[in-house]
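Novice: Input: one structure, supplied below.
Number of protein chains: 2
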Amino acid sequence: MLPSFAHTRFIMVAPSHPGNVGAAARAIKTMGFNELVLVSPKDPDIKNNPEAIALSSGATDVLHNAHLVSTLDEALAPVTLSFALTARSRDMGPPALDIRQSAQLSARHLASAPENRVAVVLGTERTGLENDEISRCHRICHIPANPAYSSLNVSQALQLAAWELRYALMESNSTATPASDIPPEAAYAPSEKVEALVKHWEQALVAIDFLNPAHPKKLMPRMRYLFTRIHMSQEEVDMMRGVCTNIIKHASKK
Amino acid sequence: MLPSFAHTRFIMVAPSHPGNVGAAARAIKTMGFNELVLVSPKDPDIKNNPEAIALSSGATDVLHNAHLVSTLDEALAPVTLSFALTARSRDMGPPALDIRQSAQLSARHLASAPENRVAVVLGTERTGLENDEISRCHRICHIPANPAYSSLNVSQALQLAAWELRYALMESNSTATPASDIPPEAAYAPSEKVEALVKHWEQALVAIDFLNPAHPKKLMPRMRYLFTRIHMSQEEVDMMRGVCTNIIKHASKK
Numbered sequence: 001m002l003p004s005f006a007h008t009r010f011i012m013v014a015p016s017h018p019g020n021v022g023a024a025a026r027a028i029k030t031m032g033f034n035e036l037v038l039v040s041p042k043d044p045d046i047k048n049n050p051e052a053i054a055l056s057s058g059a060t061d062v063l064h065n066a067h068l069v070s071t072l073d074e075a076l077a078p079v080t081l082s083f084a085l086t087a088r089s090r091d092m093g094p095p096a097l098d099i100r101q102s103a104q105l106s107a108r109h110l111a112s113a114p115e116n117r118v119a120v121v122l123g124t125e126r127t128g129l130e131n132d133e134i135s136r137c138h139r140i141c142h143i144p145a146n147p148a149y150s151s152l153n154v155s156q157a158l159q160l161a162a163w164e165l166r167y168a169l170m171e172s173n174s175t176a177t178p179a180s181d182i183p184p185e186a187a188y189a190p191s192e193k194v195e196a197l198v199k200h201w202e203q204a205l206v207a208i209d210f211l212n213p214a215h216p217k218k219l220m221p222r223m224r225y226l227f228t229r230i231h232m233s234q235e236e237v238d239m240m241r242g243v244c245t246n247i248i249k250h251a252s253k254k
Numbered sequence: 001m002l003p004s005f006a007h008t009r010f011i012m013v014a015p016s017h018p019g020n021v022g023a024a025a026r027a028i029k030t031m032g033f034n035e036l037v038l039v040s041p042k043d044p045d046i047k048n049n050p051e052a053i054a055l056s057s058g059a060t061d062v063l064h065n066a067h068l069v070s071t072l073d074e075a076l077a078p079v080t081l082s083f084a085l086t087a088r089s090r091d092m093g094p095p096a097l098d099i100r101q102s103a104q105l106s107a108r109h110l111a112s113a114p115e116n117r118v119a120v121v122l123g124t125e126r127t128g129l130e131n132d133e134i135s136r137c138h139r140i141c142h143i144p145a146n147p148a149y150s151s152l153n154v155s156q157a158l159q160l161a162a163w164e165l166r167y168a169l170m171e172s173n174s175t176a177t178p179a180s181d182i183p184p185e186a187a188y189a190p191s192e193k194v195e196a197l198v199k200h201w202e203q204a205l206v207a208i209d210f211l212n213p214a215h216p217k218k219l220m221p222r223m224r225y226l227f228t229r230i231h232m233s234q235e236e237v238d239m240m241r242g243v244c245t246n247i248i249k250h251a252s253k254k
């Protein structure tokens, strides 16, 4: 398997229908990927669910090797570029791309550094991704289906996104750009580092009375949006962590 | 419906599973098309088949309006450019295209004359298209799936081909430039406001002893890069100005 395929994961948040998980495993394998992460599936024994196994149609290895985690943060921890696949548009949240643009961006991202990791995040069946979940992703992506009838279920949406990723990664691997032509890109901070920064920043804002923990309002989602959209390097995260430390140190001296 | 969508048909040869016909109808409608042609389906009363209706999931109009014919020649009669979707290769005729190349060729073909008609032809479930059927099509097209596991069923293959056609036709019909990485029109802060924020932030960093004005090093250029790259809205600039004010207020209390 090409590294770019091995460095791409599909994350399903709270899937409730085992058949969809099986169909997702099949779609993932058909397109040459293998990493499925399940955040709190309704059936905790999903790997042994007969319907999931039946619908995986031979891609039982992907189902069997799926990572089960309890939060989206855990699923995103090592990821350096994440896409929330959603039909919703919002006033807040990262800029939206369609799944082709997302796939092309992913291919460039994966080619730019061997430690980069990409994820596509899909929501629960009935309601899709929550604002809070979307805000943890770098980008929103969508499938521009028929506006009058956009009846795609979660495994079909995953199938289309996986196809686009496959196509972009195959193209990217076949054009074989000399390494020197690729502009040196900074090492992006993985999501867990950014999330740790957001938590530290929150403490700093409380320390200077900017954030009232009793009445947080929309402040932290707005801050998280700033910190994810910016797509920070590890160096920048470290720098901002230093700022947080000093803010807290000085505020407690009062 | 755009003419290019109305001038595109999907032809299923001898479908044996009614569920696949229903799922195909759904995929066709989801991608903005409406024309399904069935060549000798195993169930001649397929339009009233409960499984077909169930899997069409609301796209019953496409199922109900499907043309039933007895030969592939009849199905192809008005078509000016046809694609045999198959995993097989043939030793004669034009080289195989993938479904993206086919879709782009289709878009150009449909745009070149109003009477042009395109068709994608899919074979029966177990064995796919026969050589004799392939030879009736202008081109072969294929889905470059994982060679080690290319387990796509006929309705999933149709879904991917329909998606590619939709994307190519939308691009061809759209005069607008494709969406870029730039976020949708937010009220962007003018540069002078961002510059004022950077100055304010600098004062805050001095106040908490993070920045030593005597030895600034590369800190402020790094911070400016962060604050400009993020492309902030005026609201976000105001929010961060508030943070600066509070940092300074608390730091001077020490």
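Residue numbers (full-length UniProt numbering), protein chains in the order written: chain A, 1 to 254; chain B, 1 to 254.
Beta carbons: idealized from backbone N, C-alpha and C, even for Gly.
1) Would you mind stating whether W11 of chain B and V121 of chain B have Cβ atoms separated by less than 8 Å?
2) By the 9 Å beta-carbon criterion, what residues does the stretch 111-145 of chain B contribute toward chain A?
3) Out of A:L76, A:G22, A:A162, which one is the CA nearest neighbour of E192 of chain A?
4) By Cβ distance, which residues of its chain are closer than 6 Å to L129 of chain B, with the 5 residues on each side in sequence left out?
5) Leaving out five residues before and five after I28 of chain A in sequence, what residues of the same chain have Cβ atoms less than 8 Å from its Cβ?
6) Which of the three DSSP states is assigned to Y149 of chain A in this structure?
7) Interface residues of chain A around L226 of chain B at Cβ under 7 Å?
8) Give me the Cα-Cα distance between A145 of chain B and A168 of chain A, rounded to the nearest whole angstrom.
9) How about Q159 of chain A: is its C-beta nearer than 8 Å to some C-beta of chain B?
10) Quick check on T228 of chain A: buried or exposed, where buried means 16 or more other Cβ atoms within 10 Å of its Cβ?
11) Please give the ranges of any alpha helix (DSSP H) in the UniProt domain "tRNA/rRNA methyltransferase SpoU type" (9-162) of chain B, keeping only runs that are unbroken, at least 4 residues long and fully inside the region.
12) Under 8 Å by Cβ, that's how I've got S151 of chain B and T30 of chain A pegged, so tell me the actual separation to the nearest angstrom.
13) So G154 of chain B contacts chain A; which residues on that side make the cut at Cβ distance below 7 Å?
14) Report the rounded CA-to-CA distance for N246 of chain A versus I208 of chain B, giving the unit in angstroms.
15) Distance check for I53 of chain A and L97 of chain A, CA to CA, integer angstroms please.
16) Beta carbon of A187 of chain A, beta carbon of A113 of chain A: below 8 Å?
17) A77 of chain A CB to nearest chain B CB: under 8 Å?
18) Starting from F227 of chain A, trace the alpha helix (DSSP H) both ways and give me its first and last residue.
19) Check whether chain A comes within 8 Å of I247 of chain B, counting only Cβ atoms and requiring the distance to be less than that.
20) Provide the residue span of the alpha helix (DSSP H) that contains H215 of chain A, from first to last.
21) Looking at chain B, is there any beta carbon in it that lies within less than 8 Å of the beta carbon of G22 of chain A?
22) Using a Cβ-Cβ cut-off of less than 7 Å, list which residues of the stretch 17-45 of chain B approach chain A; keep chain order.
23) For I208 of chain A, decide whether its Cβ has a neighbour in chain B, counting only Cβ atoms nearer than 8 Å.
24) Below 8 Å, how does it come out for the stretch 211-218 of chain B and the stretch 216-236 of chain A: are there three or more Cβ pairs, yes or no?
25) Please work out which residues of its chain come closer than 7 Å, Cβ to Cβ, to P184 of chain B, disregarding the five sequence neighbours upstream and downstream, and give them in chain order.
26) Using a Cβ-Cβ cut-off of 8 Å (strictly less than) and excluding sequence neighbours within five positions of W201 of chain B, which residues of its own chain qualify?
27) Kindly say whether H215 of chain A, judged by its beta-carbon, lies nearer than 8 Å to any beta-carbon of chain B.
28) Ends of the alpha helix (DSSP H) at P3 of chain A?
29) Considering just the uninterrupted stretch of the alpha helix (DSSP H) at M239 of chain B, what are its terminal residues?
30) Where does the unbroken alpha helix (DSSP H) through R207 of chain B begin, and where does it stop?
31) Check whether chain A comes within 8 Å of H64 of chain B, counting only Cβ atoms and requiring the distance to be less than that.
32) What does the alpha-carbon distance come out to for the pair D73 of chain A and R100 of chain B?
33) Opposite Y167 of chain A in the DSSP bridges: which residues?
34) Do V13 of chain A and V39 of chain A come within 8 Å of each other at the CB atom, strictly closer than that value?
Specialist: Looking at the coordinates:
1) With the sequence shown as reference, residue 11 of chain B is identified as Ile, and Trp is not the correct amino acid for it. The answer is yes: Cβ separation under 8 Å.
2) Hits within the stretch, in order: I143, P144, A145.
3) With distances taken between Cα atoms, E192 of chain A lies closest to A:L76.
4) The residues A84, T86, G123, in chain order, have a CB closer than 6 Å to that of L129 of chain B in the same chain once the five nearest residues on each side in sequence are set aside.
5) Cβ neighbours of I28 of chain A beyond the five flanking positions: F10, N34, E35, L36, A59, V62, L158, A162.
6) Three-state DSSP puts Y149 of chain A in coil, outside helix and strand.
7) What L226 of chain B touches in chain A: I230, E236.
8) Roughly 13 Å separates the two Cα atoms.
9) So yes, Q159 of chain A belongs to the interface.
10) Its Cβ being crowded by 16 or more others within 10 Å, T228 of chain A is buried.
11) Taking only runs of at least 4 residues, the alpha helix (DSSP H) segments lying wholly in the UniProt domain "tRNA/rRNA methyltransferase SpoU type" (9-162) of chain B are 18-30, 50-56, 60-64, 72-76, 99-112, 131-134.
12) Right, the Cβ-Cβ distance comes to about 6 Å (below 8 Å), so this counts as a contact.
13) It is Val, not Gly, that sits at residue 154 of chain B in the sequence shown. Listed along chain A, no residue sits closer than 7 Å to V154 of chain B by beta-carbon distance, the nearest being about 14 Å off.
14) Distance from the CA atom of N246 of chain A to the CA atom of I208 of chain B, rounded to whole angstroms, is 6 Å.
15) C-alpha of L97 of chain A to C-alpha of I53 of chain A: approximately 33 Å in a straight line.
16) Cβ atoms of A187 of chain A and A113 of chain A: closer than 8 Å.
17) With 8 Å as the cut-off, A77 of chain A does not count as an interface residue toward chain B.
18) Counting along the chain, the unbroken alpha helix (DSSP H) around F227 of chain A starts and ends at 219-229.
19) Taking 8 Å as the CB threshold, I247 of chain B lines the interface with chain A.
20) That residue, H215 of chain A, is in no alpha helix (DSSP H); it is neither H nor E in DSSP.
21) Interface criterion not met: the Cβ of G22 of chain A is under 8 Å from no Cβ in chain B.
22) The residues in question are R26, K29, T30, M31, G32.
23) So yes, I208 of chain A belongs to the interface.
24) No, the stretch 211-218 of chain B does not touch the stretch 216-236 of chain A.
25) Reliability of the predicted coordinates at P184 of chain B is poor, the pLDDT of 40 falling under 50, and the value obtained from them is presented with this limitation in mind. Within its own chain, no residue has a Cβ closer than 7 Å to the Cβ of P184 of chain B once the five positions on either side in sequence are excluded.
26) Excluding residues within five positions, the ones whose Cβ falls inside 8 Å are M223, F227, M240, C244.
27) Interface with chain B (8 Å Cβ-Cβ cutoff): H215 of chain A is excluded.
28) Here the alpha helix (DSSP H) through P3 of chain A covers 3-6.
29) Run containing M239 of chain B: 234-251, per the alpha helix (DSSP H) assignment.
30) The displayed chain sequence assigns Ala, not Arg, to residue 207 of chain B. DSSP places A207 of chain B in the uninterrupted alpha helix (DSSP H) bounded by 191-207.
31) By this cut-off, H64 of chain B is not an interface position.
32) For the pair D73 of chain A and R100 of chain B, the Cα-to-Cα distance works out to about 35 Å.
33) Partner(s): none; Y167 of chain A has no beta bridge.
34) Between V39 of chain A and V13 of chain A, the C-beta spacing is below 8 Å.
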